[in-house]
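A short write-up of the structure that comes next.
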Amino acid sequence: MSTATPISATQTNMQQLATDVVERALRAGATEAEVVIREGDEFSTLVRLGQVETLKESGARGIGLRVFLGPSGAHRTANTSTSDFSPAGLDHLISGAIDLAKVTSEDPFAGLPEPGAMGQLAGDLDLYYEDVYGLPVAQRIEYARRAEAAALSADPRIQQEKSDGGSFDAATGHKVMANSRGFVGEYRRSYCSLSAMPIAQTEQGGMQRDYWYSSARTLARLDTPESIGTEAARRTLRRLNARRVPTQSVPIVFAPEIARSIIGNIFEAANGDSIYRGASFWANQLGQQVASPNVTVVDDGTMQGLFGTSPFDGEGLPTRRTVIVENGILKNYLLNTYTARKLNMQSTGNASRGLAGTPGIGAGNLFLQNGSLSPQHLLADVKAGFYVTELMGFGVNMVTGDYSRGAAGLWIENGELTFAVEEVTIAGNLKEMLNNVTAIADDLVFRGAVASPTLRIDGMTIAGE
Amino acid sequence: MMTFPEHELHFFQKFGLTGRLIERCLGEALSAGGDFADLYFESIASTSISVDESLVKSASQGVSAGCGIRVCSGDRTGYAYTDDLSAERLMRAARTAALIASGPSKQSVAGFRETPKSSLYPISAADTDAGVAPKLELVMRADRAARAYDPRIVQVRAGYNDELRHILIAASDGTFAHDTQPLARLNCYVIAKDGSKNSRGGSGGGGRVDLSFFEGDKSPEHFAREASRQAILQLNAVPAPAGDMEVVLGPGWPGVLLHEAVGHGLEADFNRKKTSAFAGLIGRQVASSKVTVVDNGTMPSRRGSLNVDDEGSPTQETVLIENGILKGYLSDKLSARLMGMADTGNGRRESYQHIPMPRMTNTYMLSGEDAPEDIVRSVKKGLYAVNFGGGQVDITSGKFVFSASEAYLIEDGKITAPVRDATLIGNGPEALKYVSMVGNDLALDEGIGTCGKDGQSVPVGVGMPTIKLDRMTVGGTGR
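If you read the protein sequences in the order shown, they are chains A and B. Mapping of the first sequence onto our numbering: position 342 corresponds to residue 342, and the numbering continues sequentially without gaps. Mapping of the second sequence onto our numbering: position 319 corresponds to residue 1319, and the numbering continues sequentially without gaps.
Pasting the structure below:
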């Protein structure tokens, strides 16, 4: 059951505090002001070789203030944040922001969103469950222990004397936002996750590890510890006896959990902050064919219960569904208020804001739409290729699109997964890679806020022996 | 117990902490039978200011404070933290952390001894309250210098960040330490455009320094010109080669190779758990005899340096690899105790919300005898890489990557065309065996490195002389 949490005394107090600080900032000289308050609790435990290794439980909170000085159209702006909610701490927060803003430049594009643009999704988005803390500590530890135990008992090659363990994490977050244009909003989100990280080794000595996990907003939707442990073991075992392959160009098939990173690159390419600066290879490309016709990428912050869902964005705009790429055509960038004004467009409700700093751009639930092939059929078409299950490093240049990353996975021969491959790189250029998406499978699952089905890209280079 | 110089200490002055309260918290932390407990008080004030499109679009300041309480019982760790330093909340956090153990209290709090303190960074340097005007001037100067460098530089962003961190550590083993740690950094990122060609460049530097650091040769103009030079160079870069080849790494920041290839694998926690590819290799040859690698937390003003680590232990210089032989690991208190080895003063944490673990400080290779020109001249066909972005390592398999952002082809002993970004990949316990030449030009990086491990980020330094690897895999697209 999703809990539509009743407005408790604490919540009312936090909303009251947020609007009070907004008003005090205006009285202190700000033309406009915006306040964010966040509080959260976290619990985590790691069980290794059957014994509790770490147990952590705590909470913290903070408040962030953004002020604007001067007339609209020539705002100066600054931000302050603090964990000190005492009267002196809040005084310092406000006076600090005003003083700091005086030294910044007038920027015609700076400012809060237009009043008509602000708002929030109504109804229960299925984001908060108190049950993530509902289990007694002993049972949370037991979850982690069972996940590890299932991995350790899966196969004799899984090591019994070394393991990175099983872990259980839970967290809740509460965010309140208010600004001087009348917006007040708040929401709570809960999170729990369970993972296992076994180590496998062969007699020849090569050691490998991998992991598997499940995360959800409620305990009720977590996979069982046994299924997580078993899958973690399967993934670790298939890496054993990995070898290098010669330098060559073959089709690359990205497993879903790795294809996500390509979708993450698409997010960066469509990020309004990079677009107006010309720091993305997708700048000035709206309406152009930027990917194969089978590629449709959507950002949707409104999907019930998912990890990228919230009722409003970091500036108080309702979240929404935005098609970034439709049938290979670039349709929309992801924008907040500032980048939208710079580009003479409308915000897509993608402002992201921490406590400190100006709002950036964040995705909601970002995904590549399913294709029509089963993953098996997709593989069946590959005579020789590389099925990538892990990427390493940060070798992606969003200005040029140059892409070069470390990779590990399995070799594909005649449509079948065969031996394990490691210590190679895969390289290409994202602009070309996205136009060479030759197949997309039908196995989209949201394990996090970014998701992708299995996908195949042709024309990349493997560097190895 | 020792007499606290209470009037001098930040947390006693600003937060009303008392020696009596510290003792009570440690007592409470050990009340369920733990055999070690420590308190880590932290308060941070930070400033961030940036210029973008020649406008100071925003500036930020933040303060945060809190205390993390840890209890160890054998190899188990309980942890709780609070951002409210009242006696009530501290005692509650101590009670939560205590629950990792179960039994009667058996440990008492020993008399405190203050950790002997070096002064690697003058505290007077740490004036985050100096006002933002001089910091703003730094970023404006960087912006102007980058734009003046070449008309093809079309976008410039420059940022200045600093923080002043006060810490106080008290532990049941008698450790008592406090420190005031400044950290500053100036960055410049540019985009160049020439017709349909675009490229990027970035540079930055800093350390545990004050503003005067940026008035010498590490000026805003220096970093701006360096970022601009890289971007202009990249406009005409050719595809990087693909496959195994001879690789020459330039001095300084390419030392990120050591950080990834060996540094992480030598952190004691992975070796205690035997999950590192280096486990059990002490005394064995893991690099060519020309290779000596150290981790040194005691270098004045360096980004990775600390007077005391985040467990209150003094930092030191630790030899990791000597003439190719694996000598030692980087340790914190827990691993030192469980492995029966010395604590090397490498217990670090991101903040009071995090459990400390073994981390690197400044990690570098000592100079050899070769002249850098001779090293390049010895290569018939290969890659010369001088600037890198980040890297990553899989501790267990030993495979590591690091990504070149400025590299050139070497053809017949000469540096020729610049190449596009490419990732280099290798195997930690093997890669340094291919080091055949070591230059006499050790340099440390400019002071911008941040290392991530288990979700915790800490500032680090790296360094290296020019070296030649007879074999390394270059992840380009060309032939």
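Here a beta-carbon is modelled for each residue, glycine too, at the ideal position from N, C-alpha and C. Since the structure is predicted, the reported quantities are computational estimates derived from the model, not experimental observations.
| field | Proximal residues to A1110/B (C-beta, below 7 angstroms), its chain only, five neighbours per side dropped | value | S1172, D1173 and G1174
| said: Measuring alpha carbon to alpha carbon, tell me which residue in D1295/B, G1131/B, I1167/B and A1059/B is nearest L1039/B. | reply: Taking L1039/B as reference, the option from D1295/B, G1131/B, I1167/B and A1059/B with the minimal CA-CA separation is I1167/B.
| Using DSSP with H/G/I as helix, E/B as strand and the rest coil, what is D107/A? | strand
| Does DSSP put V290/A in a helix, a strand or coil? | coil
| Assumed close pair E23/A, G111/A - CB separation to whole angstroms, cut-off 8 angstroms | About 18 angstroms separates the Cβ atoms of E23/A and G111/A, ruling out a contact at the 8 angstroms cut-off.
| field | Sub-8 angstroms separation of A147/A and L194/A beta-carbons | value | In contact: A147/A and L194/A (Cβ atoms closer than 8 angstroms).
| request: Within the same chain, show all residues whose beta-carbon is closer than 6 angstroms to that of E1446/B, passing over the 5 residues directly before and after it, in chain order. | output: Closer than 6 angstroms at Cβ, skipping near neighbours: G1205.
| query | At a CB-CB cut-off below 7 angstroms, which residues of chain A make contact with S1058/B? | reply | Close to S1058/B, with beta-carbon spacing below 7 angstroms, are these residues of chain A in chain order: T77, A78, N79, T104 and T358.
| When Cβ atoms are compared, which residues of the region 393-415 of chain A fall closer than 9 angstroms to chain B? | G393, F394, G395, V396, N397, M398, V399, T400, D402, Y403, S404, R405, G406, A407 and A408
| query | Any Cβ of chain A within less than 8 angstroms of the Cβ of D1470/B? | reply | no
| message | Can you pull the chain A neighbours of L1055/B, defined as C-beta to C-beta under 7 angstroms? | response | S105 and D107, listed in chain order.
| field | Any C-beta of chain B under 8 angstroms from that of E148/A | value | no
| field | Beta-carbon contacts of T249/A that lie in its chain and below 6 angstroms, excluding the five residues immediately before and after | value | The sequence shown places Ser at residue 249/A, not Thr. Around S249/A: T461.
| query | T296/A to V290/A, Cα distance in whole Å? | reply | 11 angstroms
| said: Measuring only the C-alpha atoms, how far is R1152/B from I98/A? | reply: 37 angstroms
| query | Can you give the Cα-Cα distance for S214/A and D164/A, rounded to whole angstroms? | reply | When rounded, the distance between both Cα atoms is 17 angstroms.
| query | What is the residue span of the beta strand (DSSP E) that M1472/B lies within? | reply | The continuous beta strand (DSSP E) containing M1472/B extends over residues I1467 to G1475.
| field | Contact with chain A by V1401/B, beta-carbon distance below 8 angstroms | value | yes
| task | Note down the Cα distance separating G1461/B from R1303/B, rounded to an integer number of angstroms. | result | 6 angstroms
| request: Starting from the N-terminal side, write out each stretch of the alpha helix (DSSP H) that is 4 residues or longer and does not extend beyond the region 314-344 of chain A. | output: 337-342
| said: Counting only Cβ pairs nearer than 9 angstroms, list the residues of chain B close to V424/A. | reply: Here the neighbours are I1425, T1473 and G1475.
| query | Thinking C-alpha only, which one of N327/A, L317/A, G272/A and L100/A is nearest R341/A? | reply | G272/A
| message | Mapping the DSSP letters down to three states, classify H75/A as helix, strand or coil. | response | strand
| request: Quick one: residues in its chain with C-beta nearer than 8 angstroms to the C-beta of D20/A, no 5 flanking neighbours on either side, listed in chain order? | output: none
| request: Go ahead and pull the three-state DSSP assignment for G229/A. | output: DSSP, reduced to helix, strand and coil, places G229/A within a helical segment of the structure shown.
| request: Please decide whether M467/A counts as near chain B, where near means a Cβ-Cβ distance under 8 angstroms. | output: As displayed, chain A neither begins before 1 nor continues past 465, which places residue 467/A out of reach and without an answer.
| Are the region 351-358 of chain A and the region 304-314 of chain A touching by the rule of at least three beta carbon pairs closer than 8 angstroms? | yes
| In chain order, what residues of the same chain have a beta carbon less than 6 angstroms from the beta carbon of T80/A, not counting five sequence neighbours either side? | L65, L93, G96 and A97
| field | Close-in-space but distant-in-sequence residues of the same chain around G1413/B (CB under 8 angstroms, 5 per side omitted) | value | Excluding positions up to five away in sequence, the list reads V1376, R1377, S1378, V1379 and K1380.
| Can you tell which of D1052/B, D1194/B and G1475/B has its C-alpha closest to the C-alpha of N1236/B? | D1194/B
| said: Below 7 angstroms on C-beta distance, what does I1448/B contact in chain A? | reply: Within 7 angstroms Cβ-Cβ: nothing; I1448/B doesn't reach chain A, min ~14 angstroms.
| query | Does any CB atom of chain B fall closer than 8 angstroms to the CB of R209/A? | reply | yes
| request: List the residues of chain B whose Cβ lies closer than 7 angstroms to the Cβ of T247/A, in chain order. | output: A1242 and G1243
| request: Give the residues of chain B in contact with A279/A, contact being defined as C-beta atoms less than 8 angstroms apart. | output: Q1155, I1191 and R1200, listed in chain order.
| query | G1066/B: buried (16+ other C-beta within 10 angstroms of its C-beta) or exposed? | reply | buried
| request: Verify whether the separation of the beta carbon atoms of A439/A and L373/A is less than 8 angstroms. | output: yes
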